[in-house]
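The structure appears right after this line, and notes come after that.
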Amino acid sequence: MKRRAFLKASAALGLNALFYPAGLFGASTSLFRLGVISDEVSQDPERAIALVRQFHLNWVELREVWGKHVIFLDANERRELRNMLGRYGVMVSNIASPTFKSTFPDSSPIKREGTGHVMELDQWEVLERAVDTAHFFNVPHIRAFTFWRVADDERKRLMPEIVNILKKAVGYAQKRGIMIVVENEYSTNVATGAEAGEFIANFDTPYIGVLWDPGNAFMAGEHTWEEGYRKIPKGRIHHIHLKDVKVDPKTGRKHWVAVGDGLIGYVGQFRALVKDHYLGTLSIETHYHTPTFEQSTIESLRGALRCMRKA
């Protein structure tokens, strides 16, 4: 997209009114392939894509668009979205699929989060749709989970079965040239960095990796980015979600805040990524939406970029 056309599109979307401090971008930030998750900005994907370009970034992660998960778009909607990405010159970093974010058969979850009707669908259909979507948008990997978390005794019994299910899923995705990245999600059976490291050790194929989320790890009981990050073998992290957490000193309740304003310690995390020659992508995933989805994402983008400059 030419500069004049881009500025015209930004104005139409109301993005030129946003304030970007001088010196926000620099050489240090160019070391990272940073973007946003589409629906953390808006259900209108063009707002997310235009925001990415306004911040001089190149990546968007696709989750829900136009009120439905991206894996359920019809052929016309897919083409429209792909053409939109092409007009703005933005690439897709990851398909944030809900694969295996569901109840393991005959298990008794102690934690779960709503994912609408998707959790009730045949998970192999969800996987197939996710892989096909990644192939259509020329994306290297899709996200998957490890089923809703169960009590420790049951988890110990189920983990070998979950490993086998993921091995089967990886075999399917590999045939299409797609990698699976397993997210450490605090409501699933791989919640922390330590658990992610233990889990990924069961696989010797390059077609499965880790989607590292230090915010989720904190929610699950790890206290800094380093506590979990160091437990994941180098080279196995292929995508990262960025969100931050604070703890209310009176209640002990954890809550989401802008990246850089919480307890994760992102300057240290980014330094470690540079030292470890991390070449994967990163997405802002705010999880708090005040005053609006878009404004919270802007706050976290600014915070992440400040931390990257300090790193």
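Residue numbers (our numbering): 31 to 341. Idealized CB from N, CA, C, for every residue including glycine.
Residue 238 vs residue 196 beta-carbon contact at 8 Å: In the sequence shown, the residue the question calls residue 238 occupies position 208. In the sequence shown, the residue the question calls residue 196 occupies position 166. Yes; because the gap between Cβ atoms is below 8 Å, this pair is in contact.
Using a Cβ-Cβ cutoff of less than 6 Å, which residues in the same chain neighbour residue 181 once the five nearest sequence positions on both sides are dropped? Locating residue 181 in the sequence shown gives position 151, where the first residue counts as 1. Answer for residue 181: 140, listed in chain order.
Give me, in chain order, the residues of the same chain whose beta-carbon lies closer than 6 Å to that of residue 270; leave out the 5 immediate sequence neighbours on both sides. What you label residue 270 is simply residue 240 of the sequence shown in a count that begins at 1. The residues are 242 and 312.
Between residue 246 and residue 221, how many whole angstroms is the CB-CB distance? I'm expecting something under 8 Å. Within the sequence shown, the letter at position 216 stands for residue 246. Within the sequence shown, the letter at position 191 stands for residue 221. 7 Å between Cβ atoms; contact.
Cα-Cα separation between residue 235 and residue 205, rounded to whole angstroms: Residue mapping note: residue 235 aligns to position 205 of the sequence shown, counting from 1. Residue mapping note: residue 205 aligns to position 175 of the sequence shown, counting from 1. Distance between the alpha carbons of residue 235 and residue 205: 13 Å.
At 4 residues or longer, and completely inside the stretch 140 to 219: list those alpha helix (DSSP H) runs for me, N to C. 153 to 166 and 182 to 205
Straight-line CA distance for residue 335 to residue 289? Mapped onto the sequence shown, residue 335 falls at position 305. Mapped onto the sequence shown, residue 289 falls at position 259. The alpha-carbon atoms of residue 335 and residue 289 are separated by roughly 9 Å.
Can the beta-carbon of residue 297 be found less than 8 Å from the beta-carbon of residue 340? Sequence index remark: in the sequence shown, residue 297 carries index 267 (1-based). Sequence index remark: in the sequence shown, residue 340 carries index 310 (1-based). In contact: residue 297 and residue 340 (Cβ atoms closer than 8 Å).
Pick helix, strand or coil for residue 68, following the three-state DSSP scheme. Position 38 of the sequence shown holds residue 68. Residue 68 falls in the helix class under three-state DSSP.
Measure the C-alpha to C-alpha separation of residue 320 and residue 287 and round it to an integer number of angstroms. Here residue 320 refers to the residue found at position 290 when the sequence shown is read from its first residue. Here residue 287 refers to the residue found at position 257 when the sequence shown is read from its first residue. So the alpha carbons of these two residues sit roughly 10 Å apart.
Taking Cβ positions, are residue 172 and residue 125 nearer each other than 8 Å? As a first step, residue 172 is located in the sequence shown; it is residue number 142 there, counting from the start. As a first step, residue 125 is located in the sequence shown; it is residue number 95 there, counting from the start. Result yes, Cβ atoms of residue 172 and residue 125 sit closer than 8 Å.
Opening and closing residue of the beta strand (DSSP E) in which residue 313 lies: Within the sequence shown, numbered from 1, the residue matching residue 313 stands at position 283. Run containing residue 313: 311 to 314, per the beta strand (DSSP E) assignment.
With DSSP run on the structure shown, which of helix, strand or coil describes residue 132? Looking up residue 132 in the sequence shown gives position 102. Note: residue 132 maps to coil in three-state DSSP.
Taking only three categories from DSSP, how would you classify residue 232? Here residue 232 refers to the residue found at position 202 when the sequence shown is read from its first residue. Looking at residue 232 - three-state DSSP - the assignment turns out to be coil, as it is neither helix nor strand.
Whole runs of the alpha helix (DSSP H) within the stretch 219 to 281, excluding any shorter than 4 residues: 223 to 230, 244 to 249 and 255 to 259
Measure from the alpha carbon of residue 255 to the alpha carbon of each residue in 113, 62 and 292, then state which is nearest. Numbered from its first residue, the sequence shown carries residue 255 at position 225. Residue 292 is the option with its Cα nearest to residue 255.
Length of the line joining the Cα atoms of residue 128 and residue 279: In the sequence shown, the residue the question calls residue 128 occupies position 98. In the sequence shown, the residue the question calls residue 279 occupies position 249. Using only the alpha carbons, I get a separation of about 34 Å.
Identify every residue that forms a DSSP beta bridge with residue 125. The sequence position of residue 125 within the sequence shown is 95, counting from 1. In DSSP, residue 125 forms a bridge with 92 and 172.
CB of residue 80 to nearest heavy atom of the ligand SAH: below 7 Å? No copy of the ligand SAH occurs in the structure displayed, which carries no ligand at all.
Nearest CA to the CA of residue 267: which residue from 61, 310 and 106? Here residue 267 is taken as the residue at index 237 of the sequence shown, counted from 1. Out of 61, 310 and 106, 310 has the C-alpha closest to the C-alpha of residue 267.
Nearest to residue 333 by CA position, among 302, 305 and 294, is which residue? On the sequence shown, residue 333 is found 303 positions in, with the first residue counted as 1. Comparing Cα-Cα distances from residue 333 to each of 302, 305 and 294, the minimum goes to 294.
What is the rounded straight-line gap between the Cα of residue 98 and the Cα of residue 317? Start at 1 with the first residue of the sequence shown, and residue 98 comes out as number 68. Start at 1 with the first residue of the sequence shown, and residue 317 comes out as number 287. Looking at the two C-alpha atoms, the distance is approximately 18 Å.
DSSP on residue 100, reduced to helix/strand/coil? Position 70 of the sequence shown, counted from the start, is the residue given in the question as residue 100. Of the three classes helix, strand and coil, the one that applies to residue 100 here is helix, per DSSP.
In terms of residue numbering, what span does the beta strand (DSSP E) encompassing residue 287 cover? Position 257 of the sequence shown, counted from the start, is the residue given in the question as residue 287. First-last of the beta strand (DSSP E) with residue 287: 284 to 287.
Report, in whole angstroms, the separation of the C-beta atoms of residue 81 and residue 122, which I expect to be a contact under 8 Å. The residue labelled residue 81 in the question sits at position 51 within the sequence shown. The residue labelled residue 122 in the question sits at position 92 within the sequence shown. Rounded, the Cβ-Cβ distance is 15 Å, inconsistent with contact.
When the Cα of residue 73 is compared with those of 322, 331, 337 and 330, which residue comes out closest? Mapped onto the sequence shown, residue 73 falls at position 43. Per the Cα distances, 322.
Based on the DSSP output, what are the partners of residue 63 in its beta bridges? For the purposes of this step, residue 63 is taken as the residue at position 33 of the sequence shown. Answer by DSSP bridge pairing, in chain order: 311.
Would residue 258 pass as a contact of residue 224 if the rule is Cβ separation under 8 Å? The sequence position of residue 258 within the sequence shown is 228, counting from 1. The sequence position of residue 224 within the sequence shown is 194, counting from 1. Against a cut-off of 8 Å, the Cβ pair of residue 224 and residue 258 comes out as a contact.
How long is the line joining the alpha carbons of residue 131 and residue 219, rounded to whole angstroms? Along the sequence shown, read from residue 1 onward, the residue named residue 131 stands at position 101. Along the sequence shown, read from residue 1 onward, the residue named residue 219 stands at position 189. Those two C-alpha atoms are separated by around 10 Å.
Shortest alpha-carbon distance to residue 302 belongs to which of 338, 213, 90 and 232? Looking up residue 302 in the sequence shown gives position 272. Nearest of 338, 213, 90 and 232 to residue 302, Cα basis: 338.
What is the C-beta distance between residue 164 and residue 230, in whole angstroms, given that I count them as a contact (C-beta under 8 Å)? On the sequence shown, residue 164 is found 134 positions in, with the first residue counted as 1. On the sequence shown, residue 230 is found 200 positions in, with the first residue counted as 1. Residue 164 to residue 230, Cβ: 20 Å. No contact.
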